[in-house]
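Colleague: Okay, handing you the structure first.
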Amino acid sequence: MYEILRTEELAPKIKLFEVYAPEIAEKAKPGQFIIVIINEKGERVPLTIAGYDAEKGSITFVFNEVGKTTKQLGLLKEGDSIWNITGPLGNPSEIRNFGKVLCVAGGVMIAPMLLQVRALREAGNTVVTVMGARIKELLFFKDEMKALSHRLYVATDDGSEGYKGLNFLKDVLAEEKFDRCVAMGPVSMLQKVCELTRPYKVPTVVTLMPIMVDGMGMCGVCRVNVGGQMKFGCVDGPEFDGHLVDFDQLIKRQRMFLPEERLSALLWELGGCGCGGK
Amino acid sequence: MVVAESKPQPKVKKKAVPIPKQPPEVRKHNFNEVALGYTEEQALEEASRCLQCPQPQCVKGCPVEIDIPAFIKLLREGKYEEGIKKIKEKNSLPAICGRVCPQEEQCQKYCVLGKVGDPVSIGRLERFLADWERARGFTIPERAPPTGKKVAIIGAGPAGLTAAADLAKLGHEVVIFEALHLPGGVLVYGIPEFRLPKSIVQAEVDYIRKLGVELKLGYLIGRTYTIPELLKERGFDAVFIGTGAGLPQFLGVPGENLGGIYSANEFLIRVNLMKSYAFPEYDTPIRIGKHVVVIGGGNVAMDSARSALRLGAEQVCIVYRRSREEMPARKEEIENAEEEGIICKFLAAPTRFIGDEKGWVKQMECIQMELGPPDESGRRRPVPVKGSEFLMDTDTVIIAIGRTPNPIIQRTTEGLAVTKWGTIVADENGKTSLEGVYAGGDIVTGEATVISAMGAGKRAARAIHEYLMSKK
Ligand SMILES: Cc1cc2nc3c(=O)[nH]c(=O)nc-3n(C[C@H](O)[C@H](O)[C@H](O)COP(=O)(O)OP(=O)(O)OC[C@H]3O[C@@H](n4cnc5c(N)ncnc54)[C@H](O)[C@@H]3O)c2cc1C
Ligand SMILES: Cc1cc2nc3c(=O)[nH]c(=O)nc-3n(C[C@H](O)[C@H](O)[C@H](O)COP(=O)(O)OP(=O)(O)OC[C@H]3O[C@@H](n4cnc5c(N)ncnc54)[C@H](O)[C@@H]3O)c2cc1C
Ligand code: SF4
Ligand code: SF4
Ligand code: FES
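Residue numbers (the working numbering), protein chains in the order written: chain A, 490 to 767; chain B, 18 to 489.
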């Protein structure tokens with residue numbers, strides 16, 4: 490059992506949890522993830538580590554309430570417990586002095602990106618950050634991100650704050666030379682970023698979020714096509730060379746269980762517990 | 018020959034007492050155990066067939082050398098408690114082995130009665146005693162006084178659980194680190210409920226807990242801790258690696274990443290470990306179409322096919338590249354599968370998968386095979402017949418063509434000798450190239466059996482004990 494120390498609503502349906510997990514806190518590095526199981530009947534949900542404090546023995550993660558599990562998770566309060574957390578999983582991000590790094594984060598992944606920006610900054614990089622969301626109400630950590638980045642751009646899909654969409658990056662990339670680009674967020678955004686950086690040959694690392702079950706290399710559901718080779722998102726990733734990723738396939742594979750996920754969320758909302766009245 | 022002594026006995030019973038089973042029509046719709054187990058009368062009747070050979074051949078076939086005639090004799094005399102004790106001298110998980118050991122290849126293959134009729138149903142008798150014991154509650158054996166030594170066991174499969182139990186009995190402090198959220202290894206995530214009820218695995222795990230073993234679930238060693246950290250920073254004096262062969266293999270043909278194509282591991286993990294057969298009560302979904310194809314011919318293929326049927330598939334077809342004789346699955350399980358209506362297509366192998374516009378599989382192209390001369394495995398090698406490609410309609414494919422060792426430990430343990438197949442190099446006692454580090458089970462041998470993994474766990478426990486006691 491893992492006790493929840495603190496919860497915070499960062500934006501509508503976006504929550505931050507700080508959880509007591511000293512062994513994970515001691516080991517976690519930027520770029521890694523955990524697998525959360527709420528209760529005995531729960532599924533294994535991967536979430537990116539957004540912070541860790543070895544002294545306090547805590548880790549933080551930020552999640553979007555999109556389906557049954559994340560909605561259920563969102564109902565938990567400080568003092569409640571999570572049944573099982575496994576981690577840290579996946580390879581840590583490569584952090585060293587690359588020179589000038591462009592960090593692009595979308596939606597809920599702004600939170601783990603903050604960790605990444607801090608680490609890149611500490612390693613001596615010049616960090617230019619872009620944070621985006623669908624609408625301005627979903628932006629969070631703006632001040633924190635501003636404080637850590639050399640420069641910060643904000644973008645929204647509807648243009649309600651900052652730039653409208655990511656197309657402005659064309660000019661930024663045309664003007665400045667970046668040594669690396671790091672992107673975390675929804676696949677559509679990752680795909681867009683890769684299209685933008687490709688002509689300028691900026692090495693672009695994307696964090697992929699394929700469907701996962703075990704998260705430790707045993708099932709293969711997380712397989713992605715990277716440069717024509719089959720890679721497992723959980724153990725070979727989650728970060729990959731974005732210019733080699735077959736995004737169309739990834740998108741199709743992410744949608745594999747959509748009808749079941751909808752059913753599960755619907756039943757849960759109707760019945761309250763998801764057990765179908767049993 | 019000693020057999021001659023028993024020959025004159027006129028009343029050799031040639032036929033084994035059949036084990037009651039759920040009828041195929043019923044069982045193909047549920048996940049309850051197929052074989053129901055002997056009643057007391059049936060067990061006594063079957064036990065009476067044993068000739069009590071003075072030089073029993075059966076024992077040679079058992080990888081852990083259970084004194085088979087001795088336990089059968091005790092059973093016959095109604096001394097069930099002594100009988101199960103006799104088995105447990107060698108095998109700490111009899112309820113499991115009695116169900117899933119490939120007995121026809123092991124103990125029963127060598128039983129002399131097999132020459133004149135059916136061999137004694139040793140596994141079923143073992144199961145009878147184990148079930149009898151579980152029904153009345155385990156007695157926890159005495160533990161030796163604490164030695165002050167601490168051992169880390171990595172992986173809670175049969176190898177790790179066995180090593181843990183033996184080391185705990187010898188007085189060592191034992192901690193098991195298991196990556197998944199439930200202990201049991203393949204016993205919980207691979208072998209389905211209808212062959213091995215999870216409550217049995219649970220009971221065995223509870224027994225190991227009662228021995229004082231600490232179980233830490235959700236610890237992926239290599240990530241949470243590495244082996245050098247366990248030894249140098251976490252105060253462990255020795256480590257046993259029992260991480261199994263859990264890495265799924267794929268075919269490497271076009272279209273393999275389409276939706277609806279599962280590795281057997283994914284399929285079975287969803288169904289068994291995550292209980293998606295009870296979705297949405299349990300949260301993890303599974304999608305089963307109408308026409309399920311399973312590729313492979315081993316136990317894993319059988320388990321996948323029979324699970325798919327129980328999840329409501331209209332038709333389940335096993336596609337295997339050799340012929341029936343070469344199928345590595347247990348005979349009993351092939352028969353069970355066919356009784357349930359599963360079709361086997363022999364001498365065919367997939368060459369590509371064709372998807373619909375949503376990226377879901379809709380057809381599989383196969384090529385016909387013929388059998389050539391035997392290969393290194395001694396089985397006749399399948400050779401594709403030119404131009405014999407044909408299409409099969411399918412909406413769900415399960416790939417069950419084998420599993421290779423889990424690689425994380427090997428990648429994160431410097432100095433640990435590993436073969437080119439990714440298995441860990443260890444001697445017959447499990448000793449690896451690193452001091453104080455032992456290994457056993459599928460991680461050393463590649464995919465094998467529950468009983469051989471347990472045997473390896475037992476031998477390693479003995480070796481670790483000697484190592485710890487010789488160390489100052
Ligand atoms: C390595 C990794 C790291 C992740 N980190 C985070 C994180 O830090 N914060 C966060 O909120 N989410 C993260 N995710 C996604 C998160 O795991 C899913 O949102 C979660 O499984 C949804 O569970 P659910 O039961 O609430 O919804 P479900 O009912 O499972 O799904 C609801 C909706 O979410 C979509 N969805 C499901 N799984 C994924 C996925 N893997 N990627 C994208 N969409 C998905 C479904 O298509 C559906 O539309 C991560 C995923 C991976 C693989
Ligand atoms: C579907 C299926 C059906 C089978 N049917 C039979 C049968 O009928 N009869 C039979 O005799 N055999 C059968 N087998 C084979 C048998 O189950 C295996 O040979 C046996 O389980 C091997 O035991 P093990 O302890 O070596 O490994 P496993 O049972 O694989 O256990 C290894 C454990 O280690 C854990 N682990 C892995 N890496 C780490 C890590 N880094 N840190 C922590 N934990 C880790 C895993 O999660 C797992 O729980 C079957 C196998 C499968 C897959
Ligand atoms: S453990 Fe397996 S091989 Fe040994 S006697 Fe029992 S069933 Fe036979
Ligand atoms: S089981 Fe078979 S081989 Fe073993 S003692 Fe009995 S009759 Fe002999
Ligand atoms: S999630 Fe199962 S192998 Fe990656």
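We treat Cβ as the ideally placed atom computed from N, Cα and C, and that holds for glycine.
1) Is the Cβ-Cβ distance between B/P209 and B/E50 less than 7 Å?
2) According to DSSP, is B/A21 part of a helix, a strand, or is it coil?
3) Can you give me the Cβ contacts of A/D735 inside the same chain, cut-off strictly under 6 Å, excluding the 5 residues immediately before and after it?
4) Got a sec: does ligand 3 put a non-hydrogen atom nearer than 6 Å to the Cβ of B/I89?
5) Under 8 Å by Cβ, that's how I've got B/R317 and B/A281 pegged, so tell me the actual separation to the nearest angstrom.
6) Does the beta carbon of B/S280 sit closer than 7 Å to a beta carbon anywhere in chain A?
7) With distances taken Cα to Cα, identify the nearest neighbour of B/A87 among B/A255, B/V222 and B/K103.
8) I want to verify the contact list: residues of chain A whose CB lies under 7 Å from the CB of B/N274, in sequence order.
9) So, under 8 Å CB-CB, B/G115 and B/G140 are touching, yes? Tell me the CB distance rounded to an integer number of Å.
10) Confirm the yes/no value for this check: CB of A/C592, any heavy atom of ligand 3, distance under 6 Å.
11) Indicate whether at least one CB of chain A lies closer than 7 Å to the CB of B/G299.
12) Measuring from the CB of A/G556, is there a heavy atom of ligand 1 at a distance below 6 Å?
13) Going along the chain, which residues of its own chain have a beta-carbon closer than 6 Å to the beta-carbon of B/N446, five neighbours each way excluded?
14) Check B/S138 in the structure and name its three-state DSSP category.
15) Excluding the 5 residues flanking B/Q427 on each side, which residues of the same chain have their C-beta closer than 8 Å to its C-beta?
16) Please confirm if the segment 242-262 of chain B is in contact with the segment 159-175 of chain B, defined as three or more CB-CB distances below 8 Å between the two stretches.
17) Along chain B, in chain order, which residues have C-beta atoms closer than 7 Å to that of A/F440?
18) Against chain B, with Cβ distances strictly below 7 Å, would A/P577 count as a contact?
19) Can you give, in chain order, each stretch of the beta strand (DSSP E) that sits fully within the segment 174-243 of chain B and has at least 3 residues?
20) For B/A182 versus B/L247, is the C-beta distance shorter than 7 Å?
21) What residues in the segment 674-703 of chain A have a beta carbon less than 7 Å from any beta carbon of chain B?
22) Taking 6 Å as the cut-off, is the beta-carbon of B/E143 closer than that to any non-hydrogen atom of ligand 3?
23) Could you tell me the boundaries of the alpha helix (DSSP H) in which B/R44 lies?
24) Tell me A/E492's beta-bridge partners as DSSP assigns them.
25) Using a threshold of 7 Å, state whether the C-beta atoms of A/A539 and A/A600 are closer than that.
26) Does A/S753 come out as helix, strand or coil in the three-state DSSP assignment?
27) Would you verify that the beta carbon of A/G706 is, or is not, closer than 7 Å to some beta carbon of chain B?
28) List, in order along the chain, the chain A residues whose C-beta lies closer than 9 Å to that of B/N423?
29) Below 6 Å, is the gap between the Cβ of B/V256 and the nearest heavy atom of ligand 4?
30) Chain B partners of A/K518, CB-CB under 8 Å?
31) Against chain B, does A/N580 count as a neighbour if the rule is that its beta carbon must be under 7 Å from one of theirs?
32) Return no unless some Cβ of chain B is closer than 7 Å to the Cβ of A/I526.
33) For the alpha helix (DSSP H) holding A/L685, just list the boundary residues, first then last.
Modeller: Looking at the atomic coordinates:
1) B/E50 sits away from B/P209, with the two beta carbons spaced by 7 Å or more.
2) At B/A21 the pLDDT is 49, less than 50, meaning the model places this residue with poor confidence and gives no usable figure here.
3) Excluding positions up to five away in sequence, the list reads N714.
4) No, the beta carbon of B/I89 sits no closer than 6 Å to any heavy atom of ligand 3.
5) Residue identity differs from the one stated: residue 317 of chain B is Val in this sequence, not Arg. The pair is a contact, with the Cβ atoms about 5 Å apart (cut-off 8 Å).
6) For B/S280, a Cβ of chain A is located within less than 7 Å of the residue's own Cβ.
7) Distance check between B/A87 and each of B/A255, B/V222 and B/K103 places B/K103 closest, using alpha-carbon atoms only.
8) Near B/N274 (Cβ distances below 7 Å), the residues of chain A are R712, N714, Q738 and R742.
9) Contact holds; Cβ gap of about 5 Å.
10) No, ligand 3 has no heavy atom inside 6 Å of this Cβ.
11) Reading the sequence as shown, one finds Tyr at residue 299 of chain B and not Gly. For B/Y299, the closest Cβ of chain A is nearer than 7 Å.
12) Yes.
13) Here the set comprises R476 and A480.
14) Here B/S138 sits in coil by DSSP.
15) Annotation for B/Q427: L433, V435, G439 and I441 place their beta carbon closer than 8 Å to its own, counting only its chain and skipping 5 residues before and after.
16) Yes, since at least three Cβ pairs between the segment 242-262 of chain B and the segment 159-175 of chain B fall closer than 8 Å, the two stretches touch.
17) Shown here, chain A extends from 490 to 767; a query on residue 440 of chain A therefore has no answer.
18) For A/P577, the closest Cβ of chain B is nearer than 7 Å.
19) You should have 190-195 and 231-234.
20) No. Outside cutoff.
21) Residues of the segment 674-703 of chain A with a C-beta less than 7 Å from any C-beta of chain B: V702 and D703, listed in chain order.
22) Yes.
23) Looking at the DSSP string, the run of the alpha helix (DSSP H) that includes B/R44 is P41 to R44.
24) DSSP lists A/S570 as the bridge partner or partners of A/E492.
25) Result yes, Cβ atoms of A/A539 and A/A600 sit closer than 7 Å.
26) Helix.
27) At least one chain B Cβ lies under 7 Å of A/G706.
28) Per Cβ cutoff of 9 Å: M705, G706 and M707.
29) For ligand 4, not one heavy atom lies less than 6 Å from the Cβ of B/V256.
30) Under the 8 Å cutoff, chain B gives no residues; its nearest Cβ is about 10 Å from A/K518.
31) Judged by the 7 Å Cβ criterion, A/N580 is not in contact with chain B.
32) Chain B contact via Cβ: present.
33) Taken as a continuous stretch (DSSP letters only), the alpha helix (DSSP H) holding A/L685 covers V676 to T686.
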